[in-house]
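K.L.:
Starting off with a structure, shown below.
Protein chains: 8
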Amino acid sequence: MEQPLVGIIMGSDSDLEVMSEAAQTLERLGVPFEVSIVSAHRTPVQAEEYAAQAEDRGLRVIIAAAGGAAHLAGVAAAWTTLPVLGVPIRTSTMGGLDSLLSMVQMPSGVPVGVVSINGAKNAAILAAQIVALRDARVAQGLKEMKRRQADEVNAKAARLAEIGIKGYLEGMKKQ
Amino acid sequence: MEQPLVGIIMGSDSDLEVMSEAAQTLERLGVPFEVSIVSAHRTPVQAEEYAAQAEDRGLRVIIAAAGGAAHLAGVAAAWTTLPVLGVPIRTSTMGGLDSLLSMVQMPSGVPVGVVSINGAKNAAILAAQIVALRDARVAQGLKEMKRRQADEVNAKAARLAEIGIKGYLEGMKKQ
Amino acid sequence: MEQPLVGIIMGSDSDLEVMSEAAQTLERLGVPFEVSIVSAHRTPVQAEEYAAQAEDRGLRVIIAAAGGAAHLAGVAAAWTTLPVLGVPIRTSTMGGLDSLLSMVQMPSGVPVGVVSINGAKNAAILAAQIVALRDARVAQGLKEMKRRQADEVNAKAARLAEIGIKGYLEGMKKQ
Amino acid sequence: MEQPLVGIIMGSDSDLEVMSEAAQTLERLGVPFEVSIVSAHRTPVQAEEYAAQAEDRGLRVIIAAAGGAAHLAGVAAAWTTLPVLGVPIRTSTMGGLDSLLSMVQMPSGVPVGVVSINGAKNAAILAAQIVALRDARVAQGLKEMKRRQADEVNAKAARLAEIGIKGYLEGMKKQ
Amino acid sequence: MEQPLVGIIMGSDSDLEVMSEAAQTLERLGVPFEVSIVSAHRTPVQAEEYAAQAEDRGLRVIIAAAGGAAHLAGVAAAWTTLPVLGVPIRTSTMGGLDSLLSMVQMPSGVPVGVVSINGAKNAAILAAQIVALRDARVAQGLKEMKRRQADEVNAKAARLAEIGIKGYLEGMKKQ
Amino acid sequence: MEQPLVGIIMGSDSDLEVMSEAAQTLERLGVPFEVSIVSAHRTPVQAEEYAAQAEDRGLRVIIAAAGGAAHLAGVAAAWTTLPVLGVPIRTSTMGGLDSLLSMVQMPSGVPVGVVSINGAKNAAILAAQIVALRDARVAQGLKEMKRRQADEVNAKAARLAEIGIKGYLEGMKKQ
Amino acid sequence: MEQPLVGIIMGSDSDLEVMSEAAQTLERLGVPFEVSIVSAHRTPVQAEEYAAQAEDRGLRVIIAAAGGAAHLAGVAAAWTTLPVLGVPIRTSTMGGLDSLLSMVQMPSGVPVGVVSINGAKNAAILAAQIVALRDARVAQGLKEMKRRQADEVNAKAARLAEIGIKGYLEGMKKQ
Amino acid sequence: MEQPLVGIIMGSDSDLEVMSEAAQTLERLGVPFEVSIVSAHRTPVQAEEYAAQAEDRGLRVIIAAAGGAAHLAGVAAAWTTLPVLGVPIRTSTMGGLDSLLSMVQMPSGVPVGVVSINGAKNAAILAAQIVALRDARVAQGLKEMKRRQADEVNAKAARLAEIGIKGYLEGMKKQ
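Protein sequence lines correspond, in order, to chains W, A, V, E, G, B, F and S. For the first sequence, counting from 1, position 99 maps to 99 in our numbering; every step adds exactly one. Count along the second sequence starting at 1, add 175, and that's the number in our numbering. Count along the third sequence starting at 1, add 350, and that's the number in our numbering. Count along the fourth sequence starting at 1, add 525, and that's the number in our numbering. Count along the fifth sequence starting at 1, add 700, and that's the number in our numbering. Count along the sixth sequence starting at 1, add 875, and that's the number in our numbering. Count along the seventh sequence starting at 1, add 1050, and that's the number in our numbering. Count along the eighth sequence starting at 1, add 1225, and that's the number in our numbering.
Rendered as structure tokens:
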């Protein structure tokens, strides 16, 4: 097995479905990664150890996902000087605004780079962009993904131009 | 020196002015306490140790104050089974809503009892109410404080009835 | 029947399903409790009496749950010097932000210790942590619960490491 | 002294400056009123008695002002079937959103009619509108006040048309 | 048909289901009322006329319900000196916070008394409380309703005490 | 085909269902339009070109719809001096408050005229109102649409007056 | 005097300082305009008449500014089919979020195009962009203004490149 | 001059004071950087070119600061596959919540890593953490900075322990 470069951690297995998109994206980009469940509040020992040992274990980026009083990314950032990215998880009561503010409003000196609520895929791309600074193959993959994204939008635009709104909406419902 | 029963910690010395009111309140109620500065993000070792050793050191309640991504109370709660009370500190950007949500929306299993934004005095009273369950003198002090609070409001009401709104407002401005 | 130490009150029986988790948690921790429905607005006599007599009836902590203009915890705190914990109940219009602010922004002198929106279980644990200061058996139960919580997260992490994301997610769907 | 018809209560004398505008407005409209300080949390006995006896004492409307966890209007509404109007007081941390939500989100069955944050004058006018249903002189006063308000705006519009923006702004600065 | 004393208006027939509760409540209290649909934005002539003629037509209170940029209550208040009560209607995008702020933040001089989001029943009770100042029968009805509300809560509390949480929850599910 | 005067663009085909209402409204008003999918973030070349060439291509108004960090309208406004209208799309996490603020809080010098969340129809009417300044037929159509809207509300009011609340609500459920 | 094409109205003369920027901008762009004070709530007759007669009086766009329960733009839109632009005015309690939501969340069928809080200049530019569709000179002026804006930013960038951050900040303080 | 590795851009020179802290931090850490002013809305050509050429010009990270409808970071991310970090700038109307949401809620596929409101220093540290993955000297500097931060907090804690709250607060006021 290849040395993981990105460590994805989440506070609860209820975050796993959202975060699986981060895993898929890293896979597609050829960035070796690992996934684990550690909780800032329920397994503080593991959270601390994970972050404190991450650099020595060869990780280059940590992606931490959590919801509510989402402390996991901040706790990780307290224990490492690796870049830590945060994914605020949507909550049923506040839509994730609580998670977002808990992650993003870090005190001076201890940064977390936060992506959108449930933005697992974007955290993965951002992590890959960091890895790509030393890995031309990943850099190439990111450029292709960007192109593909544009192509997809343009293809949709072309299709809409061709078949019109009504036809397009019907096509969407069939999927 | 008496054994401190309440430990007040805060993430930054910029919180000290607000939290000094907690200290004064505990003093007035005769509850021995200690104050320190430990940061969940800048001194995670100390934050962890503080909470982990609090019970053995004889503390009965921890009051944690922090602002922004206010993780200190949550981190403390992760490392102890003592009751942890949180004081969300007002922030210049969000008025303290960020601090409040970061403190109060804790995951199931790891509680923090949160008081109002900048509510240092109330955290101290709540801590004293907990201490008072085993200390009749503190319980008595709380009852007297409650009575005094009522007396003060009633005295103000009486004064307002006597001198009217205009006189009362003028009296306030002179202070 | 054992003397109840924790009194759980709620403003409406629509809060009962959420609050039943508090009851279960106290049961599991061996903390005797009682549950009732009293409304700060619809049965103010009962709300006042409940809080005013709580100490003499042997209660040590009151847990008050309410939603919207959630005044029950504040009203209870007005009539007792026992520690009062508040559980803001989720609302369909505001997700519970209204309940949270109504509970937590108490004026100086009359504290309520507020847990997360719908955080019934955490209120129960916090109440048990307070009771535990005088009851070694409850203290022991809390420590075990904390350990069990960590074990559960670690077991999930181990399982995820073993069977991978895809397998884990499939396992979750089967439940 | 005339029988007061409107009772203005507030939770703290810090609300008095704002609420003095309510008093002035009622005075101008010839509606007899009284003002007092009673706190839902610090003097719950007085708050309850005030509301419970208001009707027998001849009051027709209660105006309750409070900030933060603003329970005073709700507590008053719990103890009377007189109309209760609420004035949410601006708070330094949340601008008064906390006061507003605490007042307005009352449970079904116990209404409070809430005006704007710091809207003391509007609460007084609304109280006068209620009193006016039985008092033609007050009704007349309200109609004249409404006309005067329109005249004032129209006079400003005329002045702006006459002297232009620059002149008007200079005139405002001189005041 | 009896002379209506309360006029219920709403901006759209999509508000009718919520507002039918206001109608039922007034009916139960024996307060004659009328219901109509007028829109501040789509039928401004009718909105203006409704409010301007309300007093002469014998109405004593106007209840206006609207959602989003909820201007109906404010427009009504602009054209009458009768008391105007506002019911902010829940919106799918903002939960009704937009409706609430649009209604409650009225400028000085033109009050609206606002109840909770979707609080149709409370608006009706408040209107009845206003009507009751001149109608002893309605006043009596309000007192009975208040007593009944208390009795209902107390009956639920008694039932909960008798059959316990589990039994109570099962009973609720059967309904 | 007639020269399109209004260009509707959206950041994703997931916005198409909402925006189809804009298309229908323009169709009904006889305003020639075109629809396309261009993303400020995924196809920045196309977004830029679309806006930069819009005037030369004969467009008079651009309607841009986007959700979340909704930059499309702002990007369009950066590249043209045609009027740009924005439709903030509802988001699952924040109800569209994020989209609204991202669109409306434009810096001085580069305006976007924003309508309500998901307000596709209103954007179309506003665009038609702009077109109508040079096209008497569209102006006429707008006046008729306004009249029809009033007629519809009045018809509903008449029906409600005739059959009462209960009958009306039953009629609505049948639809 | 030239026929005004843009009518600027505001609910209160306290909005005039902010709105004077709209006037200056229209002046600079050579768009004839008029300014007045009309209140949706205090002078509803004037507000209605203003909007109803605007088209016949030769206006092409209405800019309406208001704060709090900001109904003026919506009331104007109810009485005209001219494009109505709204400027939500900053409020001391809510920063203008109340004004923004009151303006932007208009019901289907009656649009207001809203710019940023206190965005008077942007409303003027947007109005000019609408006027420019029939006036090549204004169109030209808008293009020059856009170029000048770019030049100014580029000049600042050049100056920053030349003298560095420290020098630049010192230069700013001297102004 | 050394090849800059981090490019700091901001939408307006009013952001410079806040962002100068990012510059100082990078300087202290020995990370070569450049600073410029480019606006997504006022100089879209420059914004696009800056991002599109950043990689070829040798930059490894872009830090983009903007306020209000803060599109600069998102526009940059649209034109590069380098990691883009966003600093939401505090606004006078919304405290920066608008800036934060405009930056962080990016659509899937185009990430921005957002730090706290006005969090210029944290953006710089995060950028340095990314640079440090290939530069041992920067990595070393980050570790020392982290240690120094801890030392500072601990020194404050020691001082507080020594001289007490009163002395400490007096010392702060003297500064």
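Beta carbons: idealized from backbone N, C-alpha and C, even for Gly.
What are the complete beta strand (DSSP E) segments, minimum 3 residues, inside the region 1093–1161 of chain F?
P.N.:
Runs of the beta strand (DSSP E) inside the region 1093–1161 of chain F: 1111–1117 and 1134–1139.
K.L.:
From W:10, W:116, W:83 and W:3, pick the residue whose C-alpha is nearest to that of residue 30 (chain W); which is it?
P.N.:
Closest option to residue 30 (chain W), Cα to Cα, is W:3.
K.L.:
Is the beta carbon of residue 610 (chain E) sitting closer than 8 Å to the one on residue 586 (chain E)?
P.N.:
It is a contact, given that the beta carbons lie within the stated cut-off.
K.L.:
In angstroms with no decimal places, state the Cα-to-Cα distance between residue 232 (chain A) and residue 440 (chain V).
P.N.:
When rounded, the distance between both Cα atoms is 38 Å.
K.L.:
So if I threshold CB-CB distances at 7 Å, which residues from the region 143–160 of chain W count as touching chain B?
P.N.:
Those would be 149, 150, 153, 154, 156, 157 and 160, in chain order.
K.L.:
On the criterion of 16 or more Cβ atoms from any shown chain inside 10 Å, does residue 294 (chain V) qualify as buried, or is it exposed?
P.N.:
Nothing about residue 294 (chain V) can be read from this structure; chain V reaches only from 351 to 525.
K.L.:
Rounded to whole angstroms, what's the CA-CA distance from residue 986 (chain B) to residue 1365 (chain S)? Just pull it up for me.
P.N.:
In a straight line, the C-alpha of residue 986 (chain B) is about 47 Å away from that of residue 1365 (chain S).
K.L.:
Taking a Cβ distance cut-off of 8 Å, strictly less, list which residues of the region 1103–1136 of chain F are near chain E, in chain order.
P.N.:
Per Cβ criterion, the list reads 1118 and 1119.
K.L.:
Residue 219 (chain A): which of A:249, A:192 and A:200 sits nearest, CA to CA?
P.N.:
Minimum Cα distance to residue 219 (chain A) is reached at A:249.
K.L.:
Could you check whether the Cβ of residue 1270 (chain S) sits closer than 7 Å to any heavy atom belonging to the ligand SAH?
P.N.:
Among the components modelled here there is no ligand, and therefore nothing to report on the ligand SAH.
K.L.:
Can you check whether the C-beta of residue 1060 (chain F) is within less than 8 Å of a C-beta belonging to chain B?
P.N.:
No, no contact with chain B.
K.L.:
Judging by CA-CA distance, which residue of V:456, V:467 and V:409 is the nearest neighbour of residue 382 (chain V)?
P.N.:
Comparing Cα positions, the closest option is V:409.
K.L.:
Taking C-beta pairs closer than 7 Å, name the residues in chain G that residue 689 (chain E) reaches, listed in chain order.
P.N.:
Neighbours of residue 689 (chain E) on chain G: none; closest Cβ ~25 Å, over 7 Å.
K.L.:
Helix, strand or coil: which one does DSSP assign to residue 988 (chain B)?
P.N.:
The answer is strand: DSSP assigns residue 988 (chain B) an E or B state.
K.L.:
Spell out whether any CB of chain G is found under 8 Å from the CB atom of residue 1094 (chain F).
P.N.:
Yes, residue 1094 (chain F) counts as interfacial toward chain G.
K.L.:
For residue 561 (chain E), name the three-state secondary structure that DSSP assigns.
P.N.:
Three-state result, residue 561 (chain E): strand.
K.L.:
Of all the residues that make up the region 25–37 of chain W, which are near chain S by a beta-carbon distance shorter than 9 Å?
P.N.:
Flagged: no residues at all.
K.L.:
Out of curiosity, what's the CA-to-CA distance linking residue 831 (chain G) and residue 596 (chain E)?
P.N.:
Each residue's alpha carbon lies about 25 Å from the other.
K.L.:
What's the gap between the Cα of residue 331 (chain A) and the Cα of residue 612 (chain E)?
P.N.:
Going by the C-alpha atoms only, they are around 20 Å apart.
K.L.:
With distances taken Cα to Cα, identify the nearest neighbour of residue 338 (chain V) among E:559, E:668 and E:632.
P.N.:
Given a span of 351 to 525 for chain V in the structure shown, any question on residue 338 (chain V) remains unanswerable.
K.L.:
Can you give the Cα-Cα distance for residue 1237 (chain S) and residue 1216 (chain F), rounded to whole angstroms?
P.N.:
Cα to Cα, the separation comes out at about 16 Å.
K.L.:
Just to confirm the assignment, what range does the alpha helix (DSSP H) spanning residue 543 (chain E) have?
P.N.:
Element bounds for residue 543 (chain E): 541–553.
K.L.:
Give the DSSP-derived three-state secondary structure of residue 6 (chain W) in the structure shown.
P.N.:
Of the three classes helix, strand and coil, the one that applies to residue 6 (chain W) here is strand, per DSSP.
K.L.:
Excluding five sequence neighbours on each side, which residues of the same chain lie with their C-beta closer than 7 Å to the C-beta of residue 921 (chain B)?
P.N.:
If we look at residue 921 (chain B) and ignore the five residues flanking it on each side, its Cβ neighbours are 913.
K.L.:
By Cβ distance, which residues of its chain are closer than 6 Å to residue 518 (chain V), with the 5 residues on each side in sequence left out?
P.N.:
Cβ neighbours of residue 518 (chain V) beyond the five flanking positions: 510.
K.L.:
So, is residue 1050 (chain B) buried or exposed, given that buried needs 16 or more other C-beta atoms within 10 angstroms?
P.N.:
Answer is exposed; the Cβ neighbour count stays below 16.
K.L.:
By the three-class DSSP mapping on this structure, what secondary structure does residue 501 (chain V) have?
P.N.:
Helix, per DSSP.
K.L.:
Taking residue 1252 (chain S) as the reference, give the member of S:1383, S:1362, S:1326 and S:1389 with the closest Cα.
P.N.:
Checking every option, the nearest Cα to that of residue 1252 (chain S) belongs to S:1362.
K.L.:
With 8 Å as the threshold, decide whether the Cβ of residue 659 (chain E) is near any Cβ in chain G.
P.N.:
Yes, because at least one Cβ of chain G sits closer than 8 Å to the Cβ of residue 659 (chain E).
K.L.:
Run through chain E and tell me which residues come within less than 9 Å of residue 455 (chain V), C-beta to C-beta.
P.N.:
Under the 9 Å cutoff, chain E gives 592, 593, 594, 595, 616, 618, 619, 623, 624 and 627.
K.L.:
Since I believe residue 823 (chain G) is in contact with residue 754 (chain G) (beta carbons under 8 Å), could you give me their beta-carbon distance rounded to a whole number of angstroms?
P.N.:
Their Cβ separation, rounded to whole angstroms, is 16 Å, which puts residue 754 (chain G) and residue 823 (chain G) out of contact at 8 Å.
K.L.:
Just the C-alpha distance for residue 1249 (chain S) and residue 1240 (chain S), rounded to the nearest angstrom, thanks.
P.N.:
Computed Cα separation, rounded: 15 Å.
K.L.:
Roughly how many angstroms separate the alpha carbons of residue 780 (chain G) and residue 646 (chain E), rounded to a whole number?
P.N.:
Their Cα atoms are separated by approximately 17 Å.
K.L.:
When the Cα of residue 76 (chain W) is compared with those of W:17, W:117, W:7 and W:18, which residue comes out closest?
P.N.:
Minimum Cα distance to residue 76 (chain W) is reached at W:7.
K.L.:
Quick one: residues in its chain with C-beta nearer than 7 Å to the C-beta of residue 217 (chain A), no 5 flanking neighbours on either side, listed in chain order?
P.N.:
For residue 217 (chain A), where only same-chain residues beyond five positions count, there are no Cβ hits under 7 Å.
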